[in-house]
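Asks:
Residue numbers (the working numbering), protein chains in the order written: chain P, -16 to 94; chain R, 407 to 518.
(1) Quick one: any contact between the stretch 408 to 418 of chain R and the stretch 462 to 475 of chain R, if contact means 3 or more CB pairs under 8 Å?
(2) Are three or more beta carbon pairs between the stretch -12 to 8 of chain P and the stretch 482 to 496 of chain R nearer than 8 Å?
(3) Within 10 angstroms of its Cβ, does residue 66 of chain P collect 16 or more other Cβ (buried), or is it exposed?
(4) In terms of residues, what are the limits of the beta strand (DSSP E) holding residue 12 of chain P?
(5) Taking the CB atoms as reference points, tell me whether residue 91 of chain P and residue 68 of chain P lie closer together than 9 Å.
(6) When we look at the beta-carbon of residue 451 of chain R and count the other beta-carbons within 10 Å, is it buried (16 or more) or exposed?
(7) In angstroms with no decimal places, state the Cα-to-Cα distance between residue 449 of chain R and residue 509 of chain R.
(8) Please name the residue in R/435, R/474, R/476, R/424 whose C-alpha comes closest to that of residue 514 of chain R.
(9) Output, in chain order, the set of chain P residues within a Cβ distance shorter than 7 Å of residue 505 of chain R.
(10) Can you give me the Cβ contacts of residue 50 of chain P inside the same chain, cut-off strictly under 7 Å, excluding the 5 residues immediately before and after it?
(11) How many Å lie between residue 75 of chain P and residue 48 of chain P at the Cα?
(12) Is there a Cβ from chain R that is less than 9 Å from the Cβ of residue 77 of chain P?
(13) Hey, would you say residue 93 of chain P sits closer than 9 Å to residue -3 of chain P, going by beta carbons?
(14) According to the Cβ coordinates, are residue 486 of chain R and residue 427 of chain R closer than 9 Å?
(15) How should residue 37 of chain P be labelled, buried or exposed, when 16 other C-beta atoms within 10 angstroms of its C-beta is the threshold for buried?
(16) Between residue 478 of chain R and residue 438 of chain R, which are expected to be in contact by the criterion C-beta below 8 Å, what is the C-beta distance as a whole number of angstroms?
(17) Given a threshold of 16 other Cβ atoms within 10 Å of its Cβ, counted over all protein chains shown, does residue 88 of chain P qualify as buried or as exposed?
(18) Is residue 89 of chain P helix, strand or coil when you go by DSSP?
(19) I'd like the span of the beta strand (DSSP E) that includes residue 71 of chain P, first residue to last.
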């Protein structure tokens, strides 16, 4: 069974802080993704990676960066957190013959 | 990227009735269309998917139909039960072929 693990379930940060959201998958998937979920807006793609050290912008990359140093780990970085980045963040992974699987999400509050 | 529109945004049905959720997509090259169910406080989970070489797919009480010409696909849930209450998301492939673009979701409520 695919396991996508996000390091924090809830996170509270201050405006201007640098924030790291970590995600690990155990299925040797090539592709990893970060989505943001907001009420009424659905799931919006922030960044994705199809290989180690590779990254591609999604639909809403502004204010975010990512890091994929190892195949199993994909980190989302908020360089300077702002209140409009308060949201639910969902990590996901997929493989050539494996559909998209989501982690349990990190609910980030920026005060 | 791919633009996926989903309707309705909310849907309320009586237990035992059918529920239909519809999605349209913009990229005619899209070839994979999954549906995800997200229960309250939980992660989205894949419930059924369809590829563009198939017109319909069924799995017990759920089915998905695809009309490539019209660029729309639908989720059908028959004999609905209260545990079907959740938010349902449709998705299609983006131009990159790696990432899914999701509709905004349909909140389904099944009342006993």
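Idealized CB from N, CA, C, for every residue including glycine.
Replies: Short version:
(1) no
(2) no
(3) Sequence index remark: in the first chain, residue 66 of chain P carries index 83 (1-based). Residue 66 of chain P should be labelled exposed.
(4) Indexing the first chain from 1 puts residue 12 of chain P at position 29. No beta strand (DSSP E) contains residue 12 of chain P, which DSSP labels as neither H nor E.
(5) Stepping through the first chain from its first residue, residue 91 of chain P is reached at position 108. Stepping through the first chain from its first residue, residue 68 of chain P is reached at position 85. The criterion of a C-beta distance shorter than 9 Å is satisfied by residue 91 of chain P and residue 68 of chain P.
(6) For this step, residue 451 of chain R is matched to residue 45 along the second chain. With fewer than 16 other Cβ atoms within 10 Å, it is exposed.
(7) As a working mapping, residue 449 of chain R is identified with position 43 in the second chain. As a working mapping, residue 509 of chain R is identified with position 103 in the second chain. Each residue's CA atom was taken as its position, placing residue 449 of chain R and residue 509 of chain R some 16 Å apart.
(8) Position 108 of the second chain, counting from 1, holds the residue named residue 514 of chain R. Minimum Cα distance to residue 514 of chain R is reached at R/424.
(9) Within the second chain, numbered from 1, the residue matching residue 505 of chain R stands at position 99. Result: 16, 28, 31, 41.
(10) Position 67 of the first chain holds residue 50 of chain P. 58, 60.
(11) For this step, residue 75 of chain P is matched to residue 92 along the first chain. For this step, residue 48 of chain P is matched to residue 65 along the first chain. Each residue's alpha carbon lies about 16 Å from the other.
(12) As a position in the first chain, residue 77 of chain P is number 94, starting the count at 1. Output row for residue 77 of chain P: interface = yes.
(13) Residue mapping note: residue 93 of chain P aligns to position 110 of the first chain, counting from 1. Residue mapping note: residue -3 of chain P aligns to position 14 of the first chain, counting from 1. Contact flag set, yes.
(14) On the second chain, position 80 is the one that residue 486 of chain R refers to. On the second chain, position 21 is the one that residue 427 of chain R refers to. No, they are not a contact pair.
(15) Start at 1 with the first residue of the first chain, and residue 37 of chain P comes out as number 54. Exposed, since its Cβ has fewer than 16 Cβ neighbours within 10 Å.
(16) Within the second chain, residue 478 of chain R is the residue found at index 72, counting from 1. Within the second chain, residue 438 of chain R is the residue found at index 32, counting from 1. Rounded to whole angstroms, the Cβ separation of residue 478 of chain R and residue 438 of chain R is 15 Å, and the two are not in contact under 8 Å.
(17) Against the first chain, residue 88 of chain P aligns to sequence position 105. The residue is buried, with at least 16 neighbouring Cβ atoms inside 10 Å.
(18) Counting from 1 along the first chain, the entry for residue 89 of chain P is found at position 106. Strand, per DSSP.
(19) Here residue 71 of chain P corresponds to residue number 88 of the first chain, with the count starting at 1. That run of the beta strand (DSSP E) goes 70 to 78.
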